[in-house]
Amino acid sequence: MRMPEPDAAVIAARAELVAALRAIVPGEGVIEEERELLAYETDGLTAYRELPMLVVLPETTEQVAAVLKLCHGRGVKIVPRGAGTGLSGGALPLRDGVTLGLGRFNRILEIDYDNLCVVTQPGVTNLAITRAVEDQGFYYAPDPSSQIACSIGGNVAENSGGVHCLKYGVTTNNITGVEVVTMAGDVLRIGGRHADPAGYDLLGVITGSEGLLGVITEVTVKIRPKPECTRAALVGFPTIRAGATCVSRVISEGIIPAGMEMMDKFAIEAAEAFAHAGYPLDAESLLIVELDGTVSEVDDGMARVIAIARECDATHVRENADEAERERFWSGRKSAFPAMGRLSPDYICMDGTIPRGRLPDVLDGITALSRKHDLRVANVFHAGDGNLHPLILYDANDSDQLARAEAFGADILKLCVAEGGVLSGEHGIGVEKRDLMPTMFDDTDLKHQQRLKCAFDPDGLLNPGKMFPELHRCAELGKMHVHHGKLPFPHLPRF
Amino acid sequence: MDVQVRPADESELIDAIRGLTAAGTPAQVNGAGTKQRFGRPVNAGVTLQLDGLTGIQAYAPDELTLTCGAGTSLETVESLLREHDQELAFEPPDLGPLYGAPPGGATIGGVLGCNLAGSRRVRAGGARDHFLGFRAVSGRAEAFKAGGHVVKNVTGYDLCKLLAGSFGTLAALSEVTVKVLPRAGRTGTLLLPGRSVADAVGLLIAAWQSRLEPSGLSCVPPEIVPLLPPGLPADAGCIAAIRFEGPEGSVLDRLTRMRDQLGGASLQLGDEQSRAVWKALTDAAPFADAASVQAERPLWRLSLPPASAASVIDRLVGRPGGAWLLDGGMLWFAPAGDASASTEVRAETERVGGAATLLRAPPSVRAAEGVFPRQSDGIERIAAAIRSGFDPAGVLNPGRMGA
Ligand SMILES: Cc1cc2nc3c(=O)[nH]c(=O)nc-3n(C[C@H](O)[C@H](O)[C@H](O)COP(=O)(O)OP(=O)(O)OC[C@H]3O[C@@H](n4cnc5c(N)ncnc54)[C@H](O)[C@@H]3O)c2cc1C
Numbered sequence: 035m036r037m038p039e040p041d042a043a044v045i046a047a048r049a050e051l052v053a054a055l056r057a058i059v060p061g062e063g064v065i066e067e068e069r070e071l072l073a074y075e076t077d078g079l080t081a082y083r084e085l086p087m088l089v090v091l092p093e094t095t096e097q098v099a100a101v102l103k104l105c106h107g108r109g110v111k112i113v114p115r116g117a118g119t120g121l122s123g124g125a126l127p128l129r130d131g132v133t134l135g136l137g138r139f140n141r142i143l144e145i146d147y148d149n150l151c152v153v154t155q156p157g158v159t160n161l162a163i164t165r166a167v168e169d170q171g172f173y174y175a176p177d178p179s180s181q182i183a184c185s186i187g188g189n190v191a192e193n194s195g196g197v198h199c200l201k202y203g204v205t206t207n208n209i210t211g212v213e214v215v216t217m218a219g220d221v222l223r224i225g226g227r228h229a230d231p232a233g234y235d236l237l238g239v240i241t242g243s244e245g246l247l248g249v250i251t252e253v254t255v256k257i258r259p260k261p262e263c264t265r266a267a268l269v270g271f272p273t274i275r276a277g278a279t280c281v282s283r284v285i286s287e288g289i290i291p292a293g294m295e296m297m298d299k300f301a302i303e304a305a306e307a308f309a310h311a312g313y314p315l316d317a318e319s320l321l322i323v324e325l326d327g328t329v330s331e332v333d334d335g336m337a338r339v340i341a342i343a344r345e346c347d348a349t350h351v352r353e354n355a356d357e358a359e360r361e362r363f364w365s366g367r368k369s370a371f372p373a374m375g376r377l378s379p380d381y382i383c384m385d386g387t388i389p390r391g392r393l394p395d396v397l398d399g400i401t402a403l404s405r406k407h408d409l410r411v412a413n414v415f416h417a418g419d420g421n422l423h424p425l426i427l428y429d430a431n432d433s434d435q436l437a438r439a440e441a442f443g444a445d446i447l448k449l450c451v452a453e454g455g456v457l458s459g460e461h462g463i464g465v466e467k468r469d470l471m472p473t474m475f476d477d478t479d480l481k482h483q484q485r486l487k488c489a490f491d492p493d494g495l496l497n498p499g500k501m502f503p504e505l506h507r508c509a510e511l512g513k514m515h516v517h518h519g520k521l522p523f524p525h526l527p528r529f
Numbered sequence: 039m040d041v042q043v044r045p046a047d048e049s050e051l052i053d054a055i056r057g058l059t060a061a062g063t064p065a066q067v068n069g070a071g072t073k074q075r076f077g078r079p080v081n082a083g084v085t086l087q088l089d090g091l092t093g094i095q096a097y098a099p100d101e102l103t104l105t106c107g108a109g110t111s112l113e114t115v116e117s118l119l120r121e122h123d124q125e126l127a128f129e130p131p132d133l134g135p136l137y138g139a140p141p142g143g144a145t146i147g148g149v150l151g152c153n154l155a156g157s158r159r160v161r162a163g164g165a166r167d168h169f170l171g172f173r174a175v176s177g178r179a180e181a182f183k184a185g186g187h188v189v190k191n192v193t194g195y196d197l198c199k200l201l202a203g204s205f206g207t208l209a210a211l212s213e214v215t216v217k218v219l220p221r222a223g224r225t226g227t228l229l230l231p232g233r234s235v236a237d238a239v240g241l242l243i244a245a246w247q248s249r250l251e252p253s254g255l256s257c258v259p260p261e262i263v264p265l266l267p268p269g270l271p272a273d274a275g276c277i278a279a280i281r282f283e284g285p286e287g288s289v290l291d292r293l294t295r296m297r298d299q300l301g302g303a304s305l306q307l308g309d310e311q312s313r314a315v316w317k318a319l320t321d322a323a324p325f326a327d328a329a330s331v332q333a334e335r336p337l338w339r340l341s342l343p344p345a346s347a348a349s350v351i352d353r354l355v356g357r358p359g360g361a362w363l364l365d366g367g368m369l370w371f372a373p374a375g376d377a378s379a380s381t382e383v384r385a386e387t388e389r390v391g392g393a394a395t396l397l398r399a400p401p402s403v404r405a406a407e408g409v410f411p412r413q414s415d416g417i418e419r420i421a422a423a424i425r426s427g428f429d430p431a432g433v434l435n436p437g438r439m440g441a
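Next comes the structure, spelled out in structure tokens:
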């Protein structure tokens, strides 16, 4: 992976930097031993590794601000890091960079039931927020499968989703405020406990900015009352197309399930072998449709979903009898990753979104690509919102397989874009999809995106090498090419 | 002399903005112009009118997305959606009449550019949350796009959020993609009359915290009742109004259970009356009377942490006094005696960590006192840098959002 050229002068001044950082973050908070740095060399995208120059683990916003200010002054690059579960290499270290870990920001600061929000530090895990409020009957809706491990700060940085985001939205729809420190060390408090603060929506652009705009040091998330009733159906189909048709029919009949997940035959078999979830092994595609709301609404909706499923030739229809069975339905889906881990030494999880109606054709395309690259692939899929997660199986010890897996992944994403979709539904661009950005955006599009970056970090020191294939210098982006000569509106007043 | 430029497609829009930048001439950027008096006055001799960029480009009901020219009228979009039993779930309000524009004149681009949402904001989110992608021409006279045509997307920065609520100061939208959802179905409202402000707000919070999924939470003071469609009791004291939407059986079930849970005297509004009342609340119709519109009587919109609303109302009604209406976390407030009361309103809003916008006032007041809330220096610096990145010559609505 091509990364920004390391700055030899910065590396040469490492010892001085360590001393200056220790003056800000005392004790164990500055890591320089190679043995300890190794723990940070990769994130959830393990195919790429790099040893960071240093790791710093601040505990307070003041420390973060001082670290950033120091590094800004010295021209030292920063890589923010939450729990390191990211799947696009967003937290991949830089050889001449400081990895700034937010793991010590691990406290929930306030639970405000009257305003239905929780104010938390960014290192708190996604699930810990729900755990903190569930005894009062509330929860935090976005639920990435990594929720026991990933940090809420990382969720904000990636704008993460989960199986329940068709109905409840992704991270950006479920937060109302952040505190962010810019590369220059300015502390910005954006939003609060109210909706739609006026001014440019900086909360909205920080969310999903992959650590390129600022370091998130506090987050205010919305919580919701737990639904009165949650029920799921497991539905098997004789073909992929039948399952995809069912998904579209459910939505066009006005039902928005809390979750609607699909798996292909290979994924069904692997998950069943691993989790014994009761999946029908003769099905070519499997849907888990979950509805929530009041009892009467769920009763009504579930009856309609099942009628639609039967009309779509479902061969297997089962509603959960009790909570344990509902959990079992999900256990298979949620263990799709470890299940793949048993079948193959390595796998990469791809993440693209397509218009849902294109699903059967895209899956045919993926099958053809699987043959072309001679690698196996299993498909799990947030079917409700068209978000595909093909899992490509390979062996990293075989460098040819790794190269083929990367090429296969890139081909899948190009296919998604060609079918009217996008490169990432929830895992972000990072380094993984960085070089594919031009398949979706032209140079002018990308330059406008980078102008946002320039407003926050004109020197390009925050997480460089991620998201953009080519970094234009901000001075160059700021220039305006005025077109003299013939003007299209000669009647306009001139000053 | 006022010049109007009305491009019919994106290439004409590029030409128009290129002309502005070459000449260094700023423009007032409008959709249909129904809310052009929302924001600080723009000192421009040119109006760039975007309501010629019309047309539905793509609508796939079962993909839950719609793509259209940004100048397409909201009515066109909404009536098409209605044919397919869908809607814009953020319930776009029609604020034009607050400024004397005829009802129903807004464009979809204008609604997104002002980031407007109605009473369902508490449940469905704001316009920003339903804005999936766009094409636009920045102040550099360059066409660019961001986002996508699918409901879930994290490819690149979320520039949709940046443009939502940017009031045409960064780029002129030419095409937008929005998320659409099944129509809410039946509507019913539980009314709990005769309450103090604090009691009413407490009931609304309890409803919001319940599992019954209300989609509108309003506190209506007695002075406002005569200005709303019929159905609300003219008692002393405030009315807590709680809306439910969905299949008929579910609405009735939730109305009953909410009534039993909250207790006290109550009434219910059926589907038709509910729709009329919530439309009026969403549009802030009680503040659109001819005299107020004519005089551009100051009208504030305060976005508040919901639980703080009672104390804010209490203190504002104590001094400077005036008319108010609470809709979700949004407080409409018209100070007594035509004063803007900027100092008190801003101080009171800041005290609880909210944001106050002077939605309507005479141009001189908007120019002198500003419209949008003060931001910290750090945020102002970033906002200014964003603006100079997207519109370096300052030709798109300069000054509309701030100094
Ligand atoms: C098994 C598994 C399942 C997963 N399932 C899902 C899923 O269902 N849905 C989904 O969306 N994702 C999923 N992910 C991906 C991942 O968990 C999410 O992207 C998550 O939000 C990353 O959080 P993190 O704390 O681990 O961040 P990291 O991996 O540490 O960092 C991710 C990015 O955020 C930046 N960052 C982190 N913290 C901050 C901060 N405080 N301030 C500024 N920038 C910061 C980093 O620089 C990096 O660019 C899964 C991952 C795994 C391993």
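Protein chains in written order, with the working numbering: chain Y, 35 to 529; chain E, 39 to 441. A virtual CB, placed ideally from N, CA and C, is assigned to each residue, including glycine. This one's a predicted model, so the numbers in the text were calculated from it and none came from an experiment.
| Query | Result |
| --- | --- |
| Other residues of its chain near LEU72 (chain Y): CB distance less than 8 angstroms, five sequence neighbours each side excluded | LEU85 |
| PHE371 (chain Y): CB within 6 angstroms of a non-hydrogen atom of ligand 1 | yes |
| Simplified DSSP state of PHE523 (chain Y), which is helix, strand or coil | Note that PHE523 (chain Y) has pLDDT 46, beneath the 50 cutoff, so the model's placement of it is unreliable and the number below is only indicative. Looking at PHE523 (chain Y) - three-state DSSP - the assignment turns out to be coil, as it is neither helix nor strand. |
| Members of the segment 204-227 of chain Y that neighbour chain E once the beta carbon cut-off is set at 8 angstroms | VAL204, THR206, ASN207, THR216, ASP220, VAL221, LEU222, ARG223, ILE224, GLY226, ARG227 |
| Those residues which DSSP pairs with TYR202 (chain Y) across a bridge | According to DSSP, TYR202 (chain Y) bridges with nothing at all. |
| Through-space distance from ARG223 (chain Y) to LEU102 (chain Y), alpha-carbon basis | 17 angstroms |
| Contact test: PRO156 (chain Y) Cβ vs ligand 1 heavy atom, cutoff 6 angstroms | yes |
| heavy atom of ligand 1 below 6 angstroms from ALA546 (chain Y) C-beta | The structure shown does not extend to residue 546 (chain Y), since chain Y is modelled only from 35 through 529, so no value can be given for it. |
| Cβ distance (whole Å) where LEU305 (chain E) is taken to contact PRO271 (chain E) below 8 angstroms | 6 angstroms |
| VAL188 (chain E) at chain Y interface by Cβ criterion, 7 angstroms | yes |
| C-beta atoms of GLY254 (chain E) and SER380 (chain E) nearer than 7 angstroms | no |
| beta-carbon ARG115 (chain Y) near ligand 2 non-hydrogen atom, thresh 6 angstroms | With respect to ligand 2, the structure shown offers nothing to examine, as its ligands consist of ligand 1. |
| Proximal residues of chain Y, C-beta to C-beta of PHE325 (chain E) below 9 angstroms | Neighbours of PHE325 (chain E) on chain Y: none; closest Cβ ~18 angstroms, over 9 angstroms. |
| Residues in the segment 67-89 of chain E having any Cβ partner in chain Y nearer than 9 angstroms | GLY83, VAL84 |
| Pairwise C-alpha distance: PHE182 (chain E) and SER49 (chain E) | 12 angstroms |
| Rounded C-alpha distance that separates GLY131 (chain Y) from GLU252 (chain Y) | 23 angstroms |
| Contacting residues, own chain, Cβ-Cβ under 6 angstroms from GLY512 (chain Y) (five flanking each side not counted) | none |
| According to DSSP, residues forming a beta bridge with SER256 (chain E) | E:ALA279, E:ASP365 |
| Partner residues on chain E for VAL456 (chain Y), Cβ-Cβ distance less than 7 angstroms | GLY186, VAL188, ASN191, THR193 |
| Cβ neighbour criterion (16 or more within 10 Å) applied to SER74 (chain E) | In the sequence under discussion, the amino acid at residue 74 (chain E) is Gln, which differs from the Ser named in the question. Classification of GLN74 (chain E): buried, given that the 10 Å Cβ count is 16 or more. |
| Local Cβ density within 10 Å of LYS406 (chain Y), reported as buried at 16 or more and exposed below that | exposed |
| Close-in-space but distant-in-sequence residues of the same chain around PRO114 (chain Y) (CB under 6 angstroms, 5 per side omitted) | LEU134, GLY245, VAL249 |
| Proximal chain E residues relative to LEU486 (chain Y), where beta-carbon distance stays under 8 angstroms | TYR195, LEU197, LEU200, ILE424, GLY427 |
| is_contact[PRO522 (chain Y), chain E] using C-beta, thresh 7 angstroms | In this prediction, PRO522 (chain Y) scores a pLDDT of 45, lower than 50, which makes its location untrustworthy; the coordinate-derived value is nonetheless stated afterwards. Cβ-Cβ to chain E under 7 angstroms: yes for PRO522 (chain Y). |
| Residue-level contact to chain Y via CB, ILE243 (chain E), 7 angstroms cutoff | yes |
| For GLU125 (chain E), the three-state DSSP class (helix, strand or coil) | strand |
| CB of GLY134 (chain E) within 7 angstroms of CB of GLY143 (chain E), strictly | yes |
| Whole-Å CB distance - TYR195 (chain E) paired with LEU486 (chain Y), under 8 angstroms assumed | 5 angstroms |
| Of the listed residues Y:GLU504, Y:ASP493, Y:ASN421, nearest to ARG468 (chain Y) (C-alpha basis) | Y:GLU504 |
| Contacts that TYR147 (chain Y) makes with chain E (C-beta to C-beta distance below 8 angstroms) | GLN247 |
| Residue-chain proximity (THR238 (chain Y), chain E), Cβ-Cβ < 7 angstroms | Looking at the sequence provided, one finds Gly at residue 238 (chain Y) rather than Thr. Taking Cβ atoms only, chain E reaches closer than 7 angstroms to GLY238 (chain Y), which makes this a yes. |
| Own chain partners of ARG438 (chain Y) with C-beta closer than 8 angstroms, once the 5 adjacent residues on each side are dropped | HIS407, ASP408, LEU409, TYR428 |
| Beta-carbon separation (whole angstroms), PRO130 (chain E) vs LEU112 (chain E), contact threshold 8 angstroms | 6 angstroms |
| Against chain Y: residues of the segment 373-395 of chain E by CB proximity under 7 angstroms | GLY391, GLY392, ALA393, THR395 |
| Contact set for GLY78 (chain Y): own chain, Cβ-Cβ below 6 angstroms, skip 5 residues either direction | THR119, GLY120, LEU121 |
| Distance cut-off 6 angstroms: VAL249 (chain Y) Cβ against heavy atoms of ligand 1 | yes |
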